[in-house]
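Heads up: the structure comes next, in structure tokens.
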Amino acid sequence: TKSAPSNFIKNVVIEDKKAGRVDTVITRFPPEPNGYLHIGHAKSICLNFDLADDFGGKTNLRFDDTNPVKEDTEYVESIKEDVRWLGYEWDGLFYASDYFEEMYNRAVLLIQKGQAYVCDLSAEEIRESRGTLTEPGKESPYRNRSVEENLDLFERMRKGEFKDGEKVLRAKIDMASPNINMRDPVLYRISHATHHNTGDKWCIYPMYDYAHPLSDAIEGVTHSICTLEFEDHRPLYDWAIRECEMEHVSRQYEFARLNLTNTVMSKRFLKQLVDEKIVDGWDDPRMPTISGLRRRGYTPEAIRSFAREIGVAKAYSVVDSKMLEHFIREDLKLKAPRTMAVLRPLKVVITNYPEEQVEMLDAEINPENPEMGIRQIPFSREIYIEQDDFMENPPSKYFRLFPGNEVRLKNAYFIKCHDVVKDEQGNVVEIHCTYDPETKSGSGFNARKVKGTIHWIDASQGIPAEFRLYEPLILDEQQEEGKSFLECINPNSLEVLFGFVEPNMKEVQPQEKFQFFRHGYFNVDPKLTSDGRLIFNHIVSLKSSFQL
Ligand code: ATP
Ligand code: MG
Ligand code: MG
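At position 190 of the sequence shown (counting the first as 1) the number is 1318 in our numbering, and the numbers step up by one without a gap.
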């Protein structure tokens, strides 16, 4: 794999190596298994795996599973699949829950050292007594319990003698600290819930700010990379490793999370879209999830190139979604076979073409990559074209088909329209043309030129297909007006069309990608395609105003 571009975290590693502070670089990707991974996670995956890879180090996949109520093995499995699909293989596969016993023992150590206490205040009372940026917090009336009493209560918390919320274990640090995270943060809470990994073994669970540094230290992680919101938590991260007397000292570094235009990235909102059936599951092609992007037709290569291009910065920013599209277009340009598809069919009868005759025409599979060879497409008396490639009363500069005008059929002949058939309401239902046998594609005909080239599908042999076109799921304009999440959802994000593809598409496989002439890139939907039903997801259009 290509080495990752330089960034500030890479520079930190170079310095650490130079100064002899670090030998083997160990990073980790630590998702909470409470949802499917999204493109923001992809940025973190690429960053962690590429960084270790560049220095011959290791990367663990660690499930940060300290919140039993929201976590599920379905998410664990999807996360493993998505990381592998992106092209990465982890060294160790771990669960924070594997360390619960050790974390518990270290918490006992904190109590013994007088650095943690059991507190009976409610979550609400703790929040209120924490103070504000300008006002110090108030000490809990339970703060000065004896070590013996704390040890006894903590053990009874573990045994299940108390109800959810009745007690917590808190660090005893400093209620006047300018950093609110250091004002006696909660280390353990009670939750009588079944955990996806540890079942009913535990009813007390460590908080993220306690579990994360300890997990990192247990695994010998050297560079623990997280998003910017955790910058203020770093003193607590360091405190936990130091006061728990961990043998290995991990260090935390923060970078700016990825935000994309017209996209929600928080799992909470993505889950809401799934639960309320606004989308067809976590892998709906409109979702910014890895599984959604895969089903839409994105490739791992495109996502990795995107992640490398956006880089790693300390400053908050919003990346234009068009940049992600740029990379899939680039990746598919030479790989995807080109073919024709009619998405909104209009029947054309070629009145001077012999009935019953079918001829096979040659067409290049990818003119930009001639090695892909030639395909054959049938042509006969009846074909389909796009509805909007015909106008009965066209404006000037319309060079496609209209009565009296001649156009080129891609890979075939020139045709000229001489008649229009309408239904009782006056809608055009069929058009009649003549073709000129002299103008066959590849024959070198140049006696006259036409301005328009349109695509088509043979009506006798074309295969019916369904096409799914997408618009962004989220409307940024609505967001800017301060509307609620549900009000920002684009009601027109999916359009389903029924048309035809070339007969040589009979054997296509789920996830095969094509460039449809003039329409852009499409992917064979892996979920809904079945015998007798062929569905293509629009990945991206052919052109964009976006410049890298
Ligand atoms: P969400 O808010 O979407 O639930 P999260 O941070 O709670 O995200 P985790 O499962 O805890 O989700 O994330 C695993 C890792 O991925 C973390 O190290 C986190 O920093 C990183 N990550 C999450 N979202 C982004 C993002 N948008 N950009 C970059 N990294 C991210
Ligand atoms: Mg998290
Ligand atoms: Mg989260």
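Virtual Cβ for every residue (Gly too), placed ideally from N, Cα, C.
Alpha-carbon to alpha-carbon, residue j and residue i
| i | j | result |
| --- | --- | --- |
| Phe1177 | Arg1156 | 8 Å |
| Met1415 | Arg1422 | 10 Å |
| Thr1326 | Tyr1333 | 11 Å |
| Glu1510 | Ile1493 | 23 Å |
| Pro1631 | Asp1210 | 33 Å |
| Asp1366 | Arg1379 | 8 Å |
| Gly1409 | Ser1274 | 52 Å |
| Arg1311 | Ala1244 | 12 Å |
| Lys1450 | Glu1594 | 25 Å |
| Lys1641 | Val1153 | 38 Å |
| Pro1341 | Glu1160 | 15 Å |
| Ile1667 | Tyr1426 | 7 Å |
| Glu1252 | Ser1206 | 35 Å |
| Arg1677 | Asn1139 | Only positions 1129 to 1676 of the chain appear in the structure, and residue 1677 is not among them; the question remains open. |
| Leu1529 | Asp1517 | 6 Å |
| Glu1514 | Leu1388 | 34 Å |
| Arg1576 | Met1468 | 25 Å |
| Thr1567 | Glu1483 | 20 Å |
| Ala1180 | Glu1437 | 18 Å |
| Ala1368 | Leu1625 | 57 Å |
| Cys1561 | Ile1406 | 45 Å |
| Gly1590 | Gln1485 | 15 Å |
| Gly1580 | Lys1186 | 57 Å |
| Val1377 | Glu1371 | 11 Å |
| Met1374 | Ile1346 | 8 Å |
| Ala1235 | Glu1357 | 25 Å |
| Gln1606 | Ser1621 | 15 Å |
Bridge partner(s) assigned by DSSP for residue i
| i | result |
| --- | --- |
| Lys1186 | Ile1154 |
| Ser1419 | According to DSSP, Ser1419 bridges with nothing at all. |
| Val1548 | Ile1559 |
| Met1488 | Pro1506 |
| Pro1334 | Tyr1316 |
| Tyr1598 | Leu1622 |
| Ser1658 | Arg1661 |
| Thr1467 | Phe1644 |
| Cys1247 | Val1296 |
| Pro1473 | Glu1514 |
| Tyr1223 | Phe1191 |
| Gln1380 | Ser1352 |
| Ala1687 | Past the boundaries of the shown model lies residue 1687; the chain is included only from 1129 to 1676, so the question cannot be answered. |
| Phe1542 | Arg1536 and Asp1564 |
| Ile1308 | According to DSSP, Ile1308 bridges with nothing at all. |
| Thr1389 | Note: Thr1389 sits in no beta bridge, so no partner. |
Any non-hydrogen atom of ligand 1 within 7 Å of residue i CB
| i | result |
| --- | --- |
| Gly1168 | yes |
| Thr1389 | no |
| Pro1158 | yes |
| Lys1208 | no |
| Ser1172 | yes |
| Thr1355 | yes |
| Lys1442 | no |
| Met1393 | yes |
| Leu1386 | yes |
| Asp1344 | no |
| Asp1448 | no |
Beta-carbon contacts of residue i that lie in its chain and below 6 Å, excluding the five residues immediately before and after
| i | result |
| --- | --- |
| Ser1225 | Asp1193, Asn1325 and Thr1326 |
| Ser1433 | Phe1455 |
| Ala1304 | Pro1264 |
| Thr1129 | Since pLDDT at Thr1129 reaches only 47, below the 50 mark, its modelled position is unreliable, and no value is offered. |
| Tyr1338 | Leu1315 and Ala1368 |
Same chain only: Cβ atoms within 7 Å of residue i, ignoring 5 sequence neighbours per side
| i | result |
| --- | --- |
| Asn1307 | Asp1360 and Pro1363 |
| Asn1618 | Glu1599, Pro1600, Leu1601, Ile1602 and Leu1603 |
| Cys1073 | In the structure displayed, the chain extends from 1129 to 1676; residue 1073 sits before or after that span and is not available. |
| Asp1412 | Gly1420 |
| Ala1587 | Lys1475, Glu1510, Ile1511 and Tyr1512 |
Within-8 Å CB hit, residue i to chain D
| i | result |
| --- | --- |
| Gly1184 | Although the question refers to chain D, the structure presented lacks it and comprises just one protein chain. |
Close beta carbons around residue i, own chain, < 8 Å, minus the five adjacent residues each side
| i | result |
| --- | --- |
| Leu1398 | Gly1163, Tyr1164, His1166, Val1392, Trp1410, Met1415, Pro1416 and Thr1417 |
| Phe1674 | Asp1448, Lys1450, Met1451, Glu1453 and His1454 |
| Ala1443 | Ala1384 |
| Gly1532 | Lys1544, Cys1545 and His1546 |
| Gly1293 | Ser1250, Ala1251, Arg1317 and Ile1318 |
| Gly1242 | Val1275 and Lys1300 |
Ligand 4 heavy atom lying under 7 Å from the CB of residue i
| i | result |
| --- | --- |
| Asp1192 | Within the structure as shown, ligand 4 is missing, the only ligands being ligand 1, ligand 2 and ligand 3. |
Three-pair Cβ contact test at 8 Å for the region 1220 to 1238 versus the region 1175 to 1190: yes
Stretch pair the region 1473 to 1482 + the region 1546 to 1562: three plus CB contacts closer than 8 Å: Output reads yes: the region 1546 to 1562 touches the region 1473 to 1482.
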